[in-house]
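As structure tokens, the structure follows; a few thoughts come after it.
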Ligand code: M6R
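Residue numbers (the working numbering): 117 to 718.
Shown next as structure tokens:
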């Protein structure tokens with residue numbers, strides 16, 4: 117994900133920017149750039165790929181006097197990762213960096229283009245700098261122009277702007293994307309999270325949404341819709357590892373909380389008003405395809421199972437899912453009317469990669485759904501759709517699962533559109549539900565507190581059954597895997613209708629059943645399955661919008677018309693439950709015993 121660093125002062129700016137951007141590397145990016153104004157002269161450098169490329173380009177440049185500077189690591193959303201699309205974006209005499217999405221950028225761009233403004237990138241960000249210069253041409257007043265520019269923007273942004281029109285000033289604004297200001301005497305720093313300025317700034321102010329202003333002469337002027345306002349700084353943390361976690365106790369916890377915003381990144385430019393688009397795919401890619409086979413491991417296998425329900429039901433295309441390690445040795449029959457999809461967070465899982473190679477040898481078309489660009493699986497596949505989850509550090513996968521599932525849902529609609537197997541009305545309902553997903557993924561304090569409280573009752577027993585039906589069965593599998601991985605307690609995921617065919621023999625008060633009971637899908641069916649368990653004294657933790665009187669514990673979720681919204685909300689509940697059980701047991705949440713983040717061996 118994108119990162120921002122800014123600095124105003126007399127220190128060497130290039131190093132401050134590059135070191136700061138390095139601290140944000142873990143978020144993922146595909147290009148980077150810096151811009152500096154010193155002695156009234158603008159200088160900028162951009163490079164695609166790793167920061168080292170930018171370091172190489174700037175190796176003969178130093179900036180020793182007073183000046184203003186901004187830097188950015190870009191993770192492509194609008195437009196490919198090219199130098200032209202990399203930030204900072206240039207107008208005629210100003211530069212801007214930006215995180216977030218300007219939703220109305222096309223309208224602004226159209227208006228400016230009518231007035232003869234030339235755009236050189238495909239980004240939404242470039243509109244900010246042209247808008248600024250457009251207003252400046254009329255008023256000759258930099259702050260007024262900046263204020264007018266940001267008042268035109270809809271969407272999420274954290275942005276910094278520098279201009280030869282005010283060579284001693286950095287303008288800033290924040291709405292929806294994080295931004296903070298660091299202080300050390302007359303030196304002023306900006307960043308999209310703490311880490312770039314730890315060890316440099318002593319005090320910090322975290323900007324609120326709707327705040328904007330400028331830094332000049334060692335001072336910051338802050339404004340919001342009501343005019344100028346005062347603010348209070350606080351001491352900046354000194355522990356970088358803690359700061360990388362954005363104040364959360366564990367990476368896994370941070371990643372659970374991040375899911376809501378990450379999901380918007382997954383959808384950007386893909387979920388359009390009336391259809392789903394993938395710039396990675398062209399319609400002819402699906403010519404001759406009559407069947408889909410998905411291969412994956414672990415959590416990725418669970419998202420694949422979820423996707424298979426959607427692909428068959430909505431896109432009306434047959435779909436089988438295989439565990440990669442099994443697939444490799446079963447001598448599968450592969451027909452060339454089959455699209456072979458691999459799913460992997462890391463893109464390096466040996467079993468999945470080998471399965472992909474087998475499918476390719478058999479002449480199948482291949483598509484990967486992956487979080488890591490240029491990984492082995494992405495390189496080996498004919499096409500790849502990136503999940504855009506950002507770097508996932510917790511060994512127990514959370515946001516990777518959420519975004520893989522979302523990509524599969526989007527792919528389902530994409531194929532359904534192409535095959536005309538969906539009506540306009542149903543497509544509109546699906547798209548509407550998709551747009552509500554980030555909301556369904558929001559973690560409230562109330563929910564987290566409730567799961568922290570509940571977790572103390574689930575530290576023992578002789579096992580957990582996570583049960584669900586339909587798409588909630590793979591979610592049950594995933595819930596059980598999460599708990600196993602970080603609590604080391606035995607847990608199984610099961611289709612709830614299958615319990616009576618054997619596992620119900622285990623039922624007693626020490627058997628914990630986590631029942632996924634969505635109201636929008638087969639509620640009555642799963643309810644009677646849970647009643648059967650309750651009648652045999654199993655301890656029931658029910659997760660449902662509908663109060664369930666036989667539940668020993670109950671987590672209430674939202675009523676929703678679309679099962680996928682219930683799916684994502686319940687997913688968060690199961691993730692938080694596992695997290696809190698693990699914390700109470702004193703386990704290493706981010707690096708559980710015996711596990712590796714990426715399994716590159718067979
Ligand atoms: O990187 P991949 O998605 O290919 O990894 C597959 C599994 O190893 C992975 O999902 C594993 O199950 C995780 N630890 C789940 O939390």
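The C-beta atom is built at its ideal place from N, Cα and C for all residues, glycine as well.
Item, Value
"Between residue 154 and residue 181, is the Cβ-Cβ spacing less than 8 angstroms?", "yes"
"The ligand HEM: which residues have Cβ under 5 angstroms from any of its heavy atoms, chain order?", "Although the ligand HEM was asked about, the structure shown includes only the ligand M6R as ligands."
"In the DSSP assignment, the beta strand (DSSP E) including residue 460 goes from what residue to what residue?", "454-460"
"Compare the Cα-Cα distances from residue 517 to each of 472, 445, 423, 622 and report the closest residue.", "423"
"CB-CB under 6 angstroms to residue 653, same chain, minus the five flanking residues each way: which ones, in chain order?", "624, 625"
"So, at 6 angstroms on beta carbons, what are the nonlocal neighbours of residue 550 in its own chain, with the 5 sequence-adjacent residues on each side left out?", "387"
"Below 8 angstroms between beta carbons: does that hold for residue 274 and residue 293?", "yes"
"According to DSSP, is residue 643 part of a helix, a strand, or is it coil?", "helix"
"What does a CB cutoff of less than 7 angstroms around residue 361 pick up in its chain, not counting 5 residues either side in sequence?", "367, 370"
"Mark residue 606 as exposed unless 16 or more other C-beta atoms lie within 10 angstroms of its C-beta, in which case mark it buried.", "exposed"
"In this structure, does DSSP put residue 259 in helix, strand or coil?", "helix"
"Report all residues from its chain with a CB closer than 7 angstroms to the CB of residue 341; omit the five preceding and five following residues, and keep chain order.", "326"
"Taking 8 angstroms as the limit between beta carbons, can you name the residues of its chain near residue 208, skipping five residues before and five after?", "249"
"Taking residue 527 as the reference, which of 576, 133, 408 has the closest Cα?", "408"
"Can you name the start and end residues of the alpha helix (DSSP H) that residue 417 belongs to?", "414-429"
"Between residue 584 and residue 627, is the Cβ-Cβ spacing less than 8 angstroms?", "no"
"Under 8 angstroms between the Cβ atoms of residue 701 and residue 603?", "yes"
"Rounded to whole angstroms, what's the CA-CA distance from residue 468 to residue 130? Just pull it up for me.", "42 angstroms"
"For residue 679, is the classification buried or exposed, using 16 other Cβ atoms within 10 angstroms of its Cβ as the cut-off for buried?", "buried"
"In angstroms, rounded to a whole number, what distance separates the CA positions of residue 254 and residue 278?", "18 angstroms"
"Ignore the nearest five residues each way along the sequence and tell me which others in residue 391's own chain have a CB closer than 6 angstroms to its CB.", "533"
"What residue from 507, 162, 566 has the CA that sits closest to residue 198's CA?", "162"
"What are the uninterrupted segments assigned as alpha helix (DSSP H) that are 4 or more residues long and contained completely in the stretch 122-172, given in chain order?", "129-139"
"Start and end of the beta strand (DSSP E) containing residue 332?", "327-332"
"Excluding sequence positions up to five away, which residues of its chain have a Cβ less than 7 angstroms from the Cβ of residue 677?", "636"
"Counting only runs of 3+ residues fully inside the stretch 647-703, write out the beta strand (DSSP E) ranges in chain order.", "655-660, 669-672"
"Quick check on the burial criterion: 16 or more other C-beta atoms within 10 angstroms. Buried or exposed for residue 320?", "buried"
"By how many angstroms is the C-alpha of residue 264 removed from the C-alpha of residue 338?", "15 angstroms"
"For residue 363, which residues of its own chain have a beta-carbon under 8 angstroms away from its beta-carbon, when the five flanking residues on both sides are left out?", "none"
"For the beta strand (DSSP E) holding residue 714, just list the boundary residues, first then last.", "Here residue 714 belongs to no beta strand (DSSP E), and DSSP marks it neither H nor E."
"Would you tell me roughly how many angstroms separate the C-alpha atoms of residue 411 and residue 332, rounded to the nearest one?", "56 angstroms"
"Could you give the residue range of the beta strand (DSSP E) that holds residue 494?", "Residue 494 -> not in any beta strand (DSSP E); alpha helix (DSSP H) instead, spanning 492-496."
"When we look at the beta-carbon of residue 487 and count the other beta-carbons within 10 Å, is it buried (16 or more) or exposed?", "buried"
"Just to confirm my understanding: we take residue 375, look at its own chain, exclude 5 residues before and 5 after, and list those with CB closer than 6 angstroms. What are they?", "515, 518, 557"
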